[in-house]
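**Q** When we follow the working numbering, the leftmost residue of the sequence shown carries the number 31, and every step to the right adds one. Positions of the beta carbon are idealized from the N, C-alpha and C atoms, including for glycine. Dumping the structure here so I can ask a few things about it.
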Amino acid sequence: MTHSEEEEDEGAERDQQQPLILERVEKETAQSWQSVVSHRLKKHCVCTSKKAKSKILGFVPILRWLPRYRLREWLLGDAMSGLIVGILLVPQSIAYSLLASQDPIYGLYTSFFTSIIYAIFGSSRHISAGVFGVLCLLVGQVVDRELALAGYLTESGGGIGGNDSAGLLADLGNGTLGVGCDKSCYAIAVGATVTFTAGVYQMLMGIFQVGFVSVYLSDSLLSGFATGASLTIFTSQFKYLLGLKIPRPQGWFVLFKTWYSLLANLANTNVCDLVTSLVCLLILIPVKELNNRFKAKLKAPIPFELFVVILATLASHFGHFNTDYGSDVAGDIPTGFLPPQLPMWTLIPNVAVDAFSIAIVAFAITVSLSEMFAKKHGYAVDANQEMYAIGLCNILPSFFRCFASSAALTKTLVKESTGCQTQVSGLVSALVLLLVLLLIAPLFYSLQKCVLAVIILVNLRGALRKFLDVPGMWRVNRVDAAVWLITMATSALVNTELGLLVGVLVSALSVLGRTQQARVLELGRAPTREHYEDLSSYRGLRTHPDVAVLRYGAPIYYANQSMFKKSLYKCVGLDPVQGKTQRVKFMKKKKKNNQQEEEEVARVPNMKPESDGKEEGATVTLMLHKKPRSFHSVVIDCSAVLFLDTAGVNALKEVRKDYAELGIRVVLAQCNTSVLDSLERGGYDGGEDAILFFTIADAVADVQSVSAPNGDHDGK
């Protein structure tokens, strides 16, 4: 090798030993608030023809996709799926009216109007919007509570005086309900009012662009809430199966109150309703299982529910179950539509809180389902537009005495499996419901309510099967499983609305808890390259004898900054606060020994004091560490620190200052730009020791060269 080549190699080696230096891009100076406001106003208030067209097409998606509709390719699938879903909606809409404490006709109204409105304003191609069991339960709880507060007897329908309740309504409302309004009429007004209020909430959330809140409602939270509510629904239907006329309990611990009432009134069971319920269960459960088992081979699920409803209605009519055996039936179901009616404005303050929880649940279910199917089929949905769509699905139908609605998983799965391509299928379902409303509805007069309860119970199978998934959830992720269990238990055993709130809080606390559980880990260097990993996770890693390399795997902020310092001191093996205390004691002891030596020197001529020549800082380190070890520097790998707040910056400054008093240098490596900005704003870069490195290798090389420039620093 020539002399020039040796010089080049030495120069390259020196370059490699130099720390990496990168020049930050200067950010633009912050704009004044006047310019920011002006820019926002120009962006949102200036209207052009192109912008107006985009806004209209975005708010009414049907105007965007309907002109591009592929008639030959999509019509057959949409028509088939819409027809099947429409047929399934008839018995389910009537059945879920029981949950909402409404007459059967209003479930049909809800499904009809919702199918049309979502087809116009919804951004999902596959969602089936309509009655949903959890929302019906929430609405029913509000309706029963308001009926009790108004003085009505929940089950007898008489109230203060049956049809003599006009005076009560005159005191409560605005007189728009009519003079002859009874318990049923008042229940309709309450259901429509809470639905209207929930829709207003959803529209406001859409206007203020808060659709992002859906990301905070995890799958485990929503699944646990739905399962807990399903247990409450399951329990609430037993009184219909047994033919018992008992009021729905209010307040907390509804599940226990319901079972207590059922057991207390078990002797009053209606045998006719019980036998009918058992027969329907024996028919529906096996055929539903067959439907699920052979759904891949069937072009469309067989509507056994509708067949059972027809047969049960015929048996009840010709068997005179209502008159001869006292069986409770659906009663008169009128045809056509009633004129629109305003909500009961004076009732809104009473139901405002309940309506908010209903609005959140409806939006969360709709957005989660729409995003799930959009991802599966390769298109995008707008969460804020979904907020508008479901809000309109609640506001507009509320004037026609409908109750709250959202997307429904079961019917959406049916739509997808039967060839649905667009929301034309929703319009076809609405046509089926319109036919029932205009012609067929009165034929269900003799339909027993126990049959409707059986339909509800059978449709809860999917939610109740979630209990079988708990062991698998626990193995995959214990935190998510805990969120599911706590949300489910609170929703079922305590209160449905409280379960949602508790689930949100537990999810938030679980995220915070993970940052609290983060620990500082000591890193070692790979034998063949400059790569550092956790010593406790990999074999064969090497440590530096005089440098401790550490990593913290979480943001450092006000909630965990104390835990960060404790974990750091524990991992290093040296608490600088205790170190300073012991150093003071050491210095006092040494000073005392020196004084004794001086006294002895004074007594004995020609005697000189001896010096050990050791550094006090290193001695203190050896004294405090459980496993004796000497080091002069600490390198903190900040690659996993996503952000710092003021408390986090102060914590790093305190660590650096406290160790500096013991003669130990602390440097940071691999900080992202957000952390670098926080450190700069927090004044961390003051002082010659506050150097930030882009790689751990640069940091280690620098602290070794400063502390022992002539030593051998290879990792061992």
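Quick one, are the C-beta atoms of Ser455 and Asp108 less than 8 Å apart?
**A** Counting from one through the sequence shown, the residue named residue 455 turns up at place 425. Counting from one through the sequence shown, the residue named residue 108 turns up at place 78. Their beta carbons are under 8 Å apart, which means Ser455 touches Asp108 by this criterion.
**Q** In chain order, which continuous runs of the beta strand (DSSP E) of length 3 or greater are located wholly inside the region 496-579?
**A** Those beta strand (DSSP E) runs which fall completely within the region 496-579 and span 3+ residues are 550-555, 562-564.
**Q** Whole angstroms is fine: what's the gap from Ile395's alpha carbon to Asn424's?
**A** Residue 395 sits at position 365 when you count from the first residue of the sequence shown. Residue 424 sits at position 394 when you count from the first residue of the sequence shown. Cα to Cα, Ile395 sits roughly 14 Å from Asn424.
**Q** Going by C-alpha distance, which of Ile157, Tyr599, Phe661 is nearest Gln451?
**A** Here the question's residue 451 lines up with position 421 in the sequence shown. Among Ile157, Tyr599, Phe661, the Cα nearest to that of Gln451 is on Ile157.
**Q** Considering Arg155, what are the terminal residues of the alpha helix (DSSP H) in which it resides?
**A** Taking the sequence shown and counting its residues from 1, one reaches residue 155 at position 125. Element bounds for Arg155: n/a, residue is neither H nor E.
**Q** Measure how close the beta-carbons of Leu498 and Ala437 come, nearest whole angstrom, since I'm counting them as under 8 Å.
**A** Within the sequence shown, residue 498 is the residue found at index 468, counting from 1. Within the sequence shown, residue 437 is the residue found at index 407, counting from 1. With 8 Å as the limit, Leu498 and Ala437 do not qualify as a contact, their Cβ atoms being about 24 Å apart.
**Q** Who are the Cβ neighbours of Val359 in its own chain at under 8 Å, not counting the five residues just before and after it?
**A** Numbered from 1 along the sequence shown, position 329 holds the residue referred to as residue 359. Contacts found: Ser346, Phe351, Asn352, Tyr475, Ser476, Leu477, Gln478, Lys479.
**Q** Kindly provide the ranges of any alpha helix (DSSP H) runs that are 4 or more residues long and lie completely inside the region 273-314, ordered along the chain.
**A** Listed in chain order, they are 284-294.
**Q** Three-state secondary structure (DSSP) at Ala437?
**A** As a first step, residue 437 must be located in the sequence shown, where it is residue number 407. Three-state DSSP puts Ala437 in a strand.
**Q** Measure the C-alpha to C-alpha separation of Ser447 and Val220 and round it to an integer number of angstroms.
**A** Counted from its first residue, the sequence shown places residue 447 at position 417. Counted from its first residue, the sequence shown places residue 220 at position 190. Using only the alpha carbons, I get a separation of about 37 Å.
**Q** Which value, in whole angstroms, describes the spacing of the CA atoms of Ala699 and Leu709?
**A** Here residue 699 corresponds to residue number 669 of the sequence shown, with the count starting at 1. Here residue 709 corresponds to residue number 679 of the sequence shown, with the count starting at 1. Approximately 12 Å between the Cα atoms of the pair.
**Q** Do you know offhand how far Ile92's Cα is from Ile150's?
**A** The count along the sequence shown starts at 1 and reaches residue 92 at position 62. The count along the sequence shown starts at 1 and reaches residue 150 at position 120. So the two alpha carbons sit approximately 5 Å from each other.
**Q** Figure out for me which residue from Leu179, Ser253, Ile237 has the closest Cα to the Cα of Ala217.
**A** Numbered from 1 along the sequence shown, position 187 holds the residue referred to as residue 217. For the residues Leu179, Ser253, Ile237, the minimum Cα distance to Ala217 belongs to Leu179.
**Q** With contact counted as at least three CB pairs below 8 Å, one residue from each stretch, are the region 483-502 and the region 362-370 in contact?
**A** Verdict: no, contact absent.
**Q** Give me the Cα-Cα distance between Phe142 and Phe429, rounded to the nearest whole angstrom.
**A** The residue you call residue 142 lines up with position 112 of the sequence shown. The residue you call residue 429 lines up with position 399 of the sequence shown. Looking at the two C-alpha atoms, the distance is approximately 14 Å.
**Q** Apart from the five residues just before and just after Asn321, which ones in its own chain have a Cβ nearer than 8 Å to its Cβ?
**A** Counting from one through the sequence shown, the residue named residue 321 turns up at place 291. So the qualifying residues of the chain are Leu328, Pro331, Ile332, Phe334.
**Q** Tell me where the alpha helix (DSSP H) around Arg686 begins and ends.
**A** As a working mapping, residue 686 is identified with position 656 in the sequence shown. Here the alpha helix (DSSP H) through Arg686 covers 676-690.
**Q** How do the region 675-684 and the region 587-606 stand: do at least 3 beta-carbon pairs fall below 8 Å, yes or no?
**A** Yes: the two stretches touch, three or more of their Cβ pairs being nearer than 8 Å.
**Q** Have a look at the DSSP bridge pairing and note the partners of Gln734.
**A** One-based indexing of the sequence shown puts residue 734 at position 704. According to DSSP, which records beta bridges pairwise, Gln734 is partnered with nothing at all.
**Q** So, is Leu234 buried or exposed, given that buried needs 16 or more other C-beta atoms within 10 angstroms?
**A** In the sequence shown, residue 234 corresponds to position 204, counting from 1. It is exposed - the Cβ of Leu234 has fewer than 16 other Cβ atoms within 10 Å.
**Q** Would Ser79 be called buried (16 or more neighbouring beta carbons within 10 Å of its own) or exposed?
**A** Position 49 of the sequence shown, counted from the first residue, corresponds to residue 79. Exposed: under 16 other Cβ atoms inside 10 Å.
**Q** Roughly how many whole angstroms lie between the Cα atoms of Glu640 and His662?
**A** Here residue 640 refers to the residue found at position 610 when the sequence shown is read from its first residue. Here residue 662 refers to the residue found at position 632 when the sequence shown is read from its first residue. Bear in mind that the predicted position of Glu640 carries a pLDDT of just 47, short of 50, making it unreliable; the figure below should be weighed with that in mind. Distance between the alpha carbons of Glu640 and His662: 26 Å.
**Q** Using the Cα positions of Leu674 and Leu551, report the straight-line distance between them to the nearest angstrom.
**A** Against the sequence shown, residue 674 aligns to sequence position 644. Against the sequence shown, residue 551 aligns to sequence position 521. Going from the Cα of Leu674 to the Cα of Leu551 covers about 19 Å.
**Q** I need the straight-line Cα distance from Cys701 to Glu691, nearest angstrom please.
**A** In the sequence shown, residue 701 corresponds to position 671, counting from 1. In the sequence shown, residue 691 corresponds to position 661, counting from 1. Straight-line Cα distance between these residues: approximately 24 Å.
**Q** Name the DSSP bridge partner or partners of Gln453?
**A** For this step, residue 453 is matched to residue 423 along the sequence shown. DSSP lists no partner for Gln453.
**Q** Taking all protein chains shown into account, decide if Leu344 is buried (16 or more other Cβ within 10 angstroms of its Cβ) or exposed.
**A** For the purposes of this step, residue 344 is taken as residue 314 along the sequence shown, with counting starting at 1. That one is exposed.
**Q** Would the beta-carbon of Val579 fall within 8 Å of that of Ile726?
**A** Your numbering for residue 579 matches position 549 in the sequence shown. Your numbering for residue 726 matches position 696 in the sequence shown. Going by C-beta atoms, Val579 is nearer than 8 Å to Ile726.
**Q** Less than 8 Å between the C-beta atoms of Leu336 and Pro121, yes or no?
**A** Reading the sequence shown from its first residue, position 306 is the one you call residue 336. Reading the sequence shown from its first residue, position 91 is the one you call residue 121. Result yes, Cβ atoms of Leu336 and Pro121 sit closer than 8 Å.
**Q** Quick one: Cα of Asn414 to Cα of Ser84, how far?
**A** Numbered from its first residue, the sequence shown carries residue 414 at position 384. Numbered from its first residue, the sequence shown carries residue 84 at position 54. Looking at the two C-alpha atoms, the distance is approximately 15 Å.
**Q** What residue range is occupied by the uninterrupted beta strand (DSSP E) comprising Ile666?
**A** What you label residue 666 is simply residue 636 of the sequence shown in a count that begins at 1. It spans 663-667 - the beta strand (DSSP E) in which Ile666 sits, taken as one unbroken run.
**Q** Would you mind stating whether Ile420 and Phe393 have Cβ atoms separated by less than 8 Å?
**A** For the purposes of this step, residue 420 is taken as the residue at position 390 of the sequence shown. For the purposes of this step, residue 393 is taken as the residue at position 363 of the sequence shown. Yes, Cβ-Cβ distance for Ile420 and Phe393 is below 8 Å.
**Q** At the level of alpha carbons, what is the spacing between Val301 and Ser540?
**A** Taking the sequence shown and counting its residues from 1, one reaches residue 301 at position 271. Taking the sequence shown and counting its residues from 1, one reaches residue 540 at position 510. In a straight line, the C-alpha of Val301 is about 50 Å away from that of Ser540.
**Q** With distance defined between alpha-carbon atoms, name the residue in Ile516, Glu560, Val509, Asp303 nearest to Gly543.
**A** Sequence index remark: in the sequence shown, residue 543 carries index 513 (1-based). The candidate whose alpha carbon is nearest that of Gly543 is Val509.
**Q** Whole angstroms are fine: how far does the CA of Met417 sit from the CA of Thr517?
**A** On the sequence shown, residue 517 is found 487 positions in, with the first residue counted as 1. On the sequence shown, residue 417 is found 387 positions in, with the first residue counted as 1. For Thr517 and Met417, the distance between alpha carbons rounds to 24 Å.
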